[in-house]
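K.L.:
Structure provided below as structure tokens; questions to follow.
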Amino acid sequence: IRKQSSDQIVIQLAGIHDPGRAAEIIGKTAVLEFYDLEADLVAPSLNAQGFPVAQPSLFALLSRVQSSGEGTPSSYYLFGANKKLRAGPAPTRRALLAGPKLGGKVPKGSRVLTVPAGRIVITCGASSVVCPGVQESPPTRTYFYLFKHDPTNAERPIPEMTGKDLKLSGTRADIDPQTSEPIVLMQFTDKGADIFHEITREEAQRGRRQSSFSGQDVPQHFAIVLDGQIRSWPQIDFRQYPDGISGSNGAQITGIGSNREAQDLALVLQTGALPVRFTTIERTDVSATLGKDSLAQAKRAALVGLLVVALFLLLLYRFLGLVAVIGLAVYSAFLYAAILILNVTLTLPGFAGLILTIGVAADANVVVFERIKEEVRAGKSVRAAIAAGYAKGFRTILDANVVTAITALVLFSVATAGVKGFALMLLIGTVISLVTAVAATRAMLGLLAGFRWFDNPRLMGAQGQQGAKWLQIDFMRRRALWLAISGAVVAVSVGSLAVRGLNLGIDFKGGTQITVQTARPHSTGDVAAVMSDVGRRDAHVQGRGSQTNSTYTNFEVRTRALADDELTRVQSALQSRLGTTDRPSATTVSSSFGRQIARLAILAIIVSLILIVLYIAIRFDLKFAGPVIAALLHDIVITVGVYSLTGFEVSTATVAAVLTVLGYSIYDTIIIFDRIRENIPLMRRASFATIANVSLWETIRRSLATTFITLLPVTALLVFGGATLKDFAFALLVGIGSGAYSSIFIAAPLLTMWKEREPEYARRRDVPMETEEGEVVLGRAAGAAAAKPAVDVTPVAVVERAIDSVAGTSAKREQRRQRRRARPHGRAR
1 IRKQSSDQIV IQLAGIHDPG RAAEIIGKTA VLEFYDLEAD LVAPSLNAQG FPVAQPSLFA
61 LLSRVQSSGE GTPSSYYLFG ANKKLRAGPA PTRRALLAGP KLGGKVPKGS RVLTVPAGRI
121 VITCGASSVV CPGVQESPPT RTYFYLFKHD PTNAERPIPE MTGKDLKLSG TRADIDPQTS
181 EPIVLMQFTD KGADIFHEIT REEAQRGRRQ SSFSGQDVPQ HFAIVLDGQI RSWPQIDFRQ
241 YPDGISGSNG AQITGIGSNR EAQDLALVLQ TGALPVRFTT IERTDVSATL GKDSLAQAKR
301 AALVGLLVVA LFLLLLYRFL GLVAVIGLAV YSAFLYAAIL ILNVTLTLPG FAGLILTIGV
361 AADANVVVFE RIKEEVRAGK SVRAAIAAGY AKGFRTILDA NVVTAITALV LFSVATAGVK
421 GFALMLLIGT VISLVTAVAA TRAMLGLLAG FRWFDNPRLM GAQGQQGAKW LQIDFMRRRA
481 LWLAISGAVV AVSVGSLAVR GLNLGIDFKG GTQITVQTAR PHSTGDVAAV MSDVGRRDAH
541 VQGRGSQTNS TYTNFEVRTR ALADDELTRV QSALQSRLGT TDRPSATTVS SSFGRQIARL
601 AILAIIVSLI LIVLYIAIRF DLKFAGPVIA ALLHDIVITV GVYSLTGFEV STATVAAVLT
661 VLGYSIYDTI IIFDRIRENI PLMRRASFAT IANVSLWETI RRSLATTFIT LLPVTALLVF
721 GGATLKDFAF ALLVGIGSGA YSSIFIAAPL LTMWKEREPE YARRRDVPME TEEGEVVLGR
781 AAGAAAAKPA VDVTPVAVVE RAIDSVAGTS AKREQRRQRR RARPHGRAR
């Protein structure tokens, strides 16, 4: 049971075989009633002397009143041949016998017994200290009583009072300051105080009369009944209160055995006085078969995702990859421990978040390992490279993981119950991955660095120069092309949204969606015929999964929102007519809840963007935030546009995926921006376009590697995750792919265009040129370049980094260093 918002409660029950009954009980507000015990009890629950009589058998109690009373019975019960209760209570005989097990008929040997009109059965059992007419305390079984019941009587309603006559504030357990014994205080409304005074006065006068007549005390009681069960029946002392108890100042119940009993009784009163009315806005029933299948698919997706990530790390980073795989094992152990310690209830979206965190954990290692390889190629020993790699990579890891954590926190704060599980697992996984990447793998590498054999660049694939030279192009010179491509894709997405719109699921529009899994194939017409017979001709039936001669074994049925009793009837009809092994799974969402989800989704996106802007402004520069937001909006529009183009259903899982895309899109962007921030003070005389290009050349392998590693478990989720998780994985696949593109081709060019407007970078705007020897030479500003030959004014570090990134090998690099030392600085070429 969990509070979801200021006015919503989420209740999840596992292993429930009758979800309709569970929903009926949960959706019903506790009913608190006060009966005048001796006046309202009727035979056979009251003997000739006016004392209560408890009946341990409901069958025996009702058998004695079948011929009494007139009018329509108030309720019906079905008893088996052994006189045990089989069904009931039900308001009508038809409702009592409804369902596939009974089929509207009384089974052979069974019997239907009724409660007479104006009467009600009230129980008393283990929750009471003692029951009326029973000596044992506490009672070891349930006892039954027959009470009068006429709540609509204008002169004297029965029960005499209800929870609405009680104030929630002021009703509590306390200690009597005079006797130091536990008591329960009750506070009444103005009307309730008058009624309480009147009833207790009648009881006091009746007790005095009967005591005078019999010569012995005949106590009178006030029965406190919660949901048809007697929870307490305090006595009215007519000697102390001959005129009853005035309720204007409240009342107190004394003679309670213990503080625990007082607290329990106070809780009963508070529960019944709760001034709310429950309305079911969403109900989801998951059959055991579907739940087990989904769980098995999620486990398979997690295992496959973990294996492919481990294989990729081993192939790309060799020995470092082995260290990363061991780090993943440590991460998995920590994550499992966190689930146990925090007592996390794993839901299917939670499993999706767990699978996604595999990519989070591996990404942190990739960032550090790429740094280590750069330092090794720069000529440092492996031991020094490890120290430098972690020192320089930590800031990038921290920035990227904080942004992901921000997204997860926002998602957890505003999302619905199912998506909260995903957000929680993503948040836990992100925090643990930060610890394992910085602490666990660093400890292992630090230990290994003491061995001589470990000081070998080949062990980590860092020998020679960085490959994939085809990726080292002039990105900034082609920025108009990248922006044009993105503009065209965004225009198509916006056009599709305007024309076709989105295929909103019941999470947003409201309605009922039923998932049917049959033992043998059926056509959609067979399912539609069943829905038509139960009065749902408007139902839309769709086959899912593989088909054979236009028949399926899995179906999805959508119709307008069904009430609990309607849903139970439809599920029973589908189960009996189609031969399903379990009761069909169903989700019912009210239209108001759908509108709430839409509002919360928009709110979550806005809050995420604001928090991300603030973080980028603090950690980087406010001008870095503009391109980040532009890239994020680009990714959101494309992701939503793909949903519009493909017609995929948009659900709460889609919202979670889109918000997750925000975190992963900025993850790649931060990797690039962090290197730009690092290169700005090193390349003091270079144009910003050159700084951006060099930064992209240095980080593009890392950026693509982190994206690819993240997509590996997402792809596993898409292939092996089952229908429920495939839609979620599809949104992630599109969004993360778009995020990788926007980080390189949108965010970096936009940042360059923005920074080049600053006076300092406007003066430095230059044209990159290449000599016959392949060296990158940075000319003067474009205006001066036309007037006289270009002059090499670049610091040595800039030329070295550009040469290393573009073409050179270690030998060529050393040759160029020697030539550069032999000639004076500032020599014209």
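Numbering (my numbering), first residue to last: 1 to 829.
Backbone N, C-alpha and C fix where the C-beta goes; we use that ideal spot for every residue, glycine too.
Small disclaimer: the values here were computed from a predicted structure and weren't measured.
1) Taking the C-alpha atoms as reference points, what is the distance between Arg277 and Asp363?
2) Taking contact to mean at least 3 C-beta pairs separated by less than 8 angstroms, is the stretch 261–271 in contact with the stretch 559–572?
3) Spatial neighbours of Ile22 within its chain, please: C-beta separation below 8 angstroms, excluding the five flanking residues on both sides.
4) On the criterion of 16 or more Cβ atoms from any shown chain inside 10 Å, does Trp233 qualify as buried, or is it exposed?
5) Taking the DSSP output, what are the residues bridged to His149?
6) Between which two residues does the alpha helix (DSSP H) containing Val10 stretch?
7) Kindly provide the ranges of any alpha helix (DSSP H) runs that are 4 or more residues long and lie completely inside the stretch 330–377, ordered along the chain.
8) Identify which residue in Val106, Val115, Thr72 has its Cα closest to the Cα of Pro44.
9) So within the stretch 89–141, which uninterrupted beta strand (DSSP E) runs reach at least 3 residues, ignoring any that extend past its ends?
10) According to the Cβ coordinates, are Gln216 and Ile236 closer than 7 angstroms?
11) Can you give me the Cβ contacts of Gly505 inside the same chain, cut-off strictly under 7 angstroms, excluding the 5 residues immediately before and after it?
12) Can you list, in chain order, the residues of its chain whose CB lies under 6 angstroms from that of Arg479, leaving out five sequence neighbours each side?
13) Report, in whole angstroms, the separation of the C-beta atoms of Gly535 and Ala657, which I expect to be a contact under 8 angstroms.
14) Considering only the alpha carbon of each residue, which of Ile11, Met476, Leu622, Phe422 lies closest to Thr833?
15) Rounded to whole angstroms, what is the Cα-Cα separation between Ala273 and Tyr77?
16) Mind checking if Gln252 is an interface residue toward chain C, Cβ cutoff 7 angstroms exclusive?
17) For Ser493 and Ser644, which I take to be in contact (beta-carbon distance under 8 angstroms), what is that distance rounded to the nearest angstrom?
18) Answer yes or no: do Asp150 and Ile158 have a C-beta to C-beta separation smaller than 7 angstroms?
19) Candidates Phe593, Gly255, Gly80: which alpha carbon is nearest Lys105's?
20) Quick one: Cα of Thr518 to Cα of Val286, how far?
21) If I measure Cβ to Cβ from Pro19 and keep anything under 6 angstroms in the same chain, skipping five residues before and after, which residues do I get?
22) From which residue to which residue does the beta strand (DSSP E) around Leu78 run?
23) Report the three-state DSSP secondary structure of Met769 (helix, strand or coil).
24) Report all residues from its chain with a CB closer than 7 angstroms to the CB of Leu85; omit the five preceding and five following residues, and keep chain order.
25) Excluding the 5 residues flanking Gln575 on each side, which residues of the same chain have their C-beta closer than 6 angstroms to its C-beta?
26) Relative to the C-alpha of Gly257, which candidate in Ser137, Ile606, Thr706, Pro91 has its C-alpha closest?
27) Is Ile195 near Asp36, with beta carbons less than 7 angstroms apart?
28) Between which two residues does the beta strand (DSSP E) holding Asp533 run?
29) Pull the bridge partners of Thr503 from the DSSP assignment, please.
30) Could you tell me which whole alpha helix (DSSP H) segments of length 4 or greater appear in the stretch 558–592?
31) Tell me which residues share the same chain as Val218 and place their Cβ nearer than 8 angstroms to its Cβ, disregarding the 5 neighbours each side in the sequence.
32) Just verifying my parser: in three-state terms, what is the DSSP assignment at Asp176?
33) Mark Val499 as exposed unless 16 or more other C-beta atoms lie within 10 angstroms of its C-beta, in which case mark it buried.
34) Quick check on Leu13: does DSSP put it in helix, strand or coil?
35) How would you label Lys228, buried or exposed, when you count the other beta carbons within 10 angstroms and need 16 or more for buried?
36) Rounded to whole angstroms, what is the Cα-Cα separation between Leu426 and Ala405?
P.N.:
A quick look at the data gives this:
1) 48 angstroms
2) no
3) In the sequence as presented, Ile is not what sits at residue 22; that position holds Ala. Cβ neighbours of Ala22 beyond the five flanking positions: Leu13, Ile16.
4) buried
5) None, per the DSSP bridge assignment.
6) Not the alpha helix (DSSP H): Val10 falls in the beta strand (DSSP E), residues 8–10.
7) 348–377
8) Val115
9) 111–115, 119–124
10) no
11) Glu649, Val650, Ser651
12) Pro749
13) At roughly 36 angstroms, the Cβ-Cβ gap does not stay under 8 angstroms, so Gly535 and Ala657 are not in contact.
14) There is no way to answer for residue 833, as the model of the chain reaches only from 1 to 829.
15) 29 angstroms
16) You won't find chain C in this structure, because it holds only one protein chain.
17) 7 angstroms
18) yes
19) Gly80
20) 15 angstroms
21) Asp285
22) 75–79
23) Any reading at Met769 must be qualified, since the residue scores a pLDDT of 38, below 50, and its modelled position is unreliable; the value itself is stated next. It is a strand residue.
24) Leu58, Tyr77, Phe79
25) Arg583
26) Ser137
27) no
28) Not the beta strand (DSSP E): Asp533 falls in the alpha helix (DSSP H), residues 524–533.
29) Correcting the residue type first, residue 503 is Asn in the shown sequence and not Thr. BP columns for Asn503 point to Glu649.
30) 564–578
31) Gly50, Gly207, Gln210, Ser211
32) coil
33) exposed
34) coil
35) The sequence shown places Gly at residue 228, rather than the Lys named in the question. Exposed is the call here.
36) 8 angstroms
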